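Protein sequences, first through last, are from chains R and G. Just so we're aligned, residue 1 is where the first sequence starts under this note's numbering, counting upward by one. Just so we're aligned, residue 1001 is where the second sequence starts under this note's numbering, counting upward by one. Every residue gets a Cβ at the ideal spot worked out from N, C-alpha and C, and that includes glycine. The structure displayed is predicted, hence computed values, not measured ones. A short write-up of the structure that comes next.
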Amino acid sequence: MNLIQLENLLDNTAFAILLITMLVYWIQAAFPKIWGLAGLGTVGMAVANLAIAGLLLARWLEAGYFPLSNLYESLFFLAWGVTAIHLVAERTTQKSWLGTITAPVAMGISAFAALSLPNTMQTSAPLVPALKSNWLMMHVSVMMLSYSALMVGSVLAIAFLIVTRGESVELRGSSMGAGGLRRIHSATVPTTTLLSANELEALVAESLMPQTLNLADLLDNLSYRIIGLGFPLLTIGIIAGGVWANEAWGSYWSWDPKETWALITWLVFAAYLHARITKGWQGKRPALLAAAGFVVVWICYLGVNFLGKGLHSYGWFL
Amino acid sequence: MAQGYLFFKTTWIGAIGRFWKQELLAVLANLQLAIALLLGIAVASVAGTVIEQGKPAIYYQTNYPESPAVLGFLTWKVLLTLGLDHVYRTGWFLALLVLFGASLLACTSTRQLPMLRAAQRWSYYQQPKRFERLALSTKIVGGELGVVLPLLKKQGYRVFQADQAIYACKGVIGRVGPIVVHISMVFILLGAMVAALGGFSATEVVPSGDTFKVEHIDSAGHFAQGHIPNTWHGRVNRFWIDYTPEGAISQFYSDISLLDAQEQELTRKTIRVNQPLRYQGITFYQTNWSIAKVQVQVNNSPILEVPVQPMQTVEGERLWLAWVPIKADQSEGLALVMSDLQGTLLVYGDQEEALATMRKGMATDVQGVRLKLIDVIGATGLEIKFDPGVPIIYTGFGLLMVGVLMCYVSHAQIWAWQQDECLWIGGRANRAQITFEQEILRVLAELHRAAQSKSATQTQIALKTDA
């Protein structure tokens, strides 16, 4: 079996696994009592992650350079990033329902790459002179990872808005630490699995019970943390691009549409992070900004290419 | 009189001071202003990518007519008055950036630094109501302070202990991060300002083998004149392009020498895209290329150097055209058309018919003459830059990367207090609520287990003594 056949096998496999994984997560969300589905979802995500990694590695071997030279490769890298961020977030938070939101994102991206792109856009092309640099790997991979994180984070913000529709909310978690205080008149029962039934009872028996996060809090904090991870990545990616541009043609910033949109994305998410610590902006407004950020990231990633000009217009990518 | 003047002066300064502190600084440090600035700069940047920048006025007159106006208001007059044809260089956009910088500094001095100091000024909690305020707090009967300490240390906390109380924290660095980010942004804005005032950029298109001076200045700041080189000049020893087997461009190369007034070589380097030449703070980048001339021989003539004209097809493909006279009175000639430096060209006659394809070094008989193509000579497009802002901007970049990573760290604090038989414990974190909740619940579970086993042992001891 040659590399090309392996690639064709892997891209369809990745898509199929992600589709099944998404269904598994959704069934689990609908029927939480079916045993073992949560674990199956995690396995699905991990296998999809490895399949995409294998696909990109095969292309790396085939072309001889880091596989981020066209839209097809960058879409799969994006899907890989989404699965990787899902796995990390699921592991640190132990919340298996996370997959009901992240799996469709990863599935959608891989479907776009594997099914809707014409074959001519899937084959790898030789690099143009401007891209022949080690900076390519550094700049583009960090940018793509940040897009993955920001997409996942903003989709979670959209989920937060759906869950809390019609309610007023108070946020917990920001750089100022406005959260962490007890809410009056809310009797939430801890949903954690860390305590056994006995221990829970012992806690309930006492006058002061720890007030744990509810679903809206969880969604909000996950979204905040994942955006909080995507934001430094975006910053480092933009800076790497700037330094590269300065080394290559002597200007770290030239208001090229792509870099301008990366800046716009940065500004929107910076506004989101600041909105969380602003008194008059508490509640849902930060989440609205993050949801708007979802559209902005996609414009930055794909939309700008339709303008078809500037430094980043080589062959429809990045 | 003098006293009165002094009085007047001090109140005047005092009033300005008060105004500065209470009014201006407060407004600048306002977070809503900061968000408005961030989004305002974003919207202006969007405008700059949607509206074509730097086109001649006629472009805007055709694309943004008086009626129907784009979006109902955006006529070419409005567009040009607002400077939307060069958004990023308009006064109001630069004013936004300056205001943004001022807001960053005001916020750092009036909010971030006091908050950092507040975060470092902790106290032990020794009252029930202080614990009751925290969401994640509880009271454990039979809990022991001694058990808490190693548990927290294991989780990576710095633990401070008083007589009957514990304070533990980790991730204070997460409170320093935003300050570093703000300062780094100020560095970047300053660097951009220095670059605009003290830097210059020039473009030179030089045929392979020719010398050049840095004289086609695209832009130069007020203080940049002294840095434009006038005591030395350059020579492009050779310019060439490598092609892939499929005919696509692989890489451009320019072998460049810098020479002093006596033609002595100061430095020499073969540059390519991503590999510039640097000399005395001035950098030469490979950015463009063109075809300068062709060398041909008609019958037994000496080698003729014919200049070429650049052209463009409707599809935007670049072509070059040379006209070679074949009669002494120049009434007839041949047109040579080429699209790259690979040494192949097409020969057209006066009736615009394609007559032959030629390669470098090859001779062909057309229109009754023997035409020999000796060489196609390329020209390199060099971008020459001097930017004194780079060190400042790179410092800003470095700080920004470090700062923004520090911002991910969550600052977590845990308090514990032994009140007789009861152990009060509670905590809060500023960013990672989920992880912190798991962490503290794990600690609480351990404490419960310890308290239960202790009471079990006590019961056993009690039973034993009874027996």
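Residue i versus residue j: straight-line alpha-carbon distance, rounded
i	j	result
G/Val-1236	G/Lys-1213	11 Å
R/Val-304	R/Trp-261	8 Å
G/Tyr-1059	R/Thr-83	46 Å
G/Val-1376	G/Met-1311	16 Å
G/Leu-1258	R/Ser-69	36 Å
G/Gln-1413	G/Asn-1063	60 Å
R/Asp-217	G/Val-1043	30 Å
R/Ile-4	R/Leu-71	17 Å
G/Glu-1353	R/Ile-264	52 Å
G/Glu-1446	G/Leu-1423	13 Å
G/Val-1369	G/Val-1294	18 Å
G/Lys-1454	G/Gly-1143	9 Å
R/Gly-41	R/Val-24	6 Å
Contact with chain R by residue i, beta-carbon distance below 9 Å
i	result
G/Lys-1454	no
G/Lys-1055	no
G/Pro-1307	no
G/Val-1046	yes
G/Phe-1212	no
G/Tyr-1064	no
G/Tyr-951	This structure leaves residue 951 of chain G out entirely; chain G is present only between 1001 and 1467.
G/Thr-1244	yes
G/Phe-1397	yes
G/Ile-1392	no
G/Gln-1458	no
G/Cys-1169	no
G/Tyr-1408	yes
Chain-ordered neighbours of residue i on chain R, where CB pairs are closer than 8 Å
i	result
G/Tyr-1285	Ala-248, Trp-249 and Gly-250
G/Glu-1132	Arg-182 and Leu-208
G/Tyr-1088	Trp-255
Neighbour flag for residue i against chain G, beta carbons, 9 Å
i	result
R/Ile-264	yes
R/Lys-95	yes
R/Thr-123	no
R/Trp-298	no
R/Ile-277	yes
R/Tyr-224	yes
R/Leu-229	yes
R/Asn-70	no
R/Tyr-301	no
R/Leu-215	no
Within chain G, partners of residue i - CB distance below 9 Å
i	result
R/Ile-101	Those do not exist, as R/Ile-101 stays about 15 Å from chain G at its closest Cβ, beyond 9 Å.
R/Lys-132	Ser-1250, Gln-1251, Arg-1272, Val-1273 and Asn-1274
Per-residue contacts from residue i into chain G (C-beta, under 8 Å)
i	result
R/His-274	Leu-1031, Ala-1034, Ile-1035 and Leu-1038
R/Gln-211	Ala-1135 and Leu-1136
R/Phe-160	Within chain G, no residue comes near R/Phe-160; the closest Cβ sits about 13 Å away, beyond 8 Å.
R/Val-243	Tyr-1394 and Phe-1397
Cross-chain neighbours of residue i in chain R, by beta carbon under 7 Å
i	result
G/Ala-1129	With the sequence shown as reference, residue 1129 of chain G is identified as Lys, and Ala is not the correct amino acid for it. Within chain R, no residue comes near G/Lys-1129; the closest Cβ sits about 11 Å away, beyond 7 Å.
G/Thr-1435	Thr-92
G/Ile-1041	Leu-267
G/Glu-1383	Trp-249 and Gly-250
Identified DSSP bridge partners for residue i
i	result
G/Ser-1257	G/Arg-1235 and G/Arg-1268
G/Ile-1217	G/Ala-1202
G/Arg-1121	Answer is none; G/Arg-1121 lacks a bridge partner.
G/Ala-1288	Here residue 1288 of chain G is Asn; the residue named in the question, Ala, does not match the sequence. In the DSSP output, where bridge partners are listed per residue, G/Asn-1288 has G/Gly-1381.
G/Ser-1336	The sequence shown places Leu at residue 1336 of chain G, rather than the Ser named in the question. DSSP lists G/Ala-1322 and G/Val-1347 as partners of G/Leu-1336.
G/Ala-1356	G/Val-1347
G/Ser-1137	G/Gly-1426
G/Ile-1282	G/Tyr-1279 and G/Phe-1386
Chain G contact residues for residue i, given Cβ-Cβ distances below 7 Å
i	result
R/Ile-236	Met-1401
R/Ala-271	Ile-1035, Leu-1038 and Leu-1039
R/Ile-239	Phe-1397, Leu-1400 and Met-1401
R/Leu-218	Ile-1434
N- and C-terminal bounds of the alpha helix (DSSP H) containing residue i
i	result
R/Gly-153	135-163
R/Tyr-272	257-275
R/Pro-286	285-301
R/Met-121	119-122
G/Asp-1085	No alpha helix (DSSP H) contains G/Asp-1085, which DSSP labels as neither H nor E.
G/Gln-1312	From DSSP, G/Gln-1312 is part of no alpha helix (DSSP H) but of the beta strand (DSSP E) over 1309-1312.
Proximal residues of chain A, C-beta to C-beta of residue i below 7 Å
i	result
R/Thr-260	The chain labelled as chain A is not found among the protein chains of the depicted structure, namely R and G.
Bounding residues of the beta strand (DSSP E) (the contiguous stretch that carries residue i)
i	result
R/Ser-251	Counting along the chain, R/Ser-251 falls outside any beta strand (DSSP E), and DSSP gives it neither H nor E.
G/Ile-1414	1412-1419
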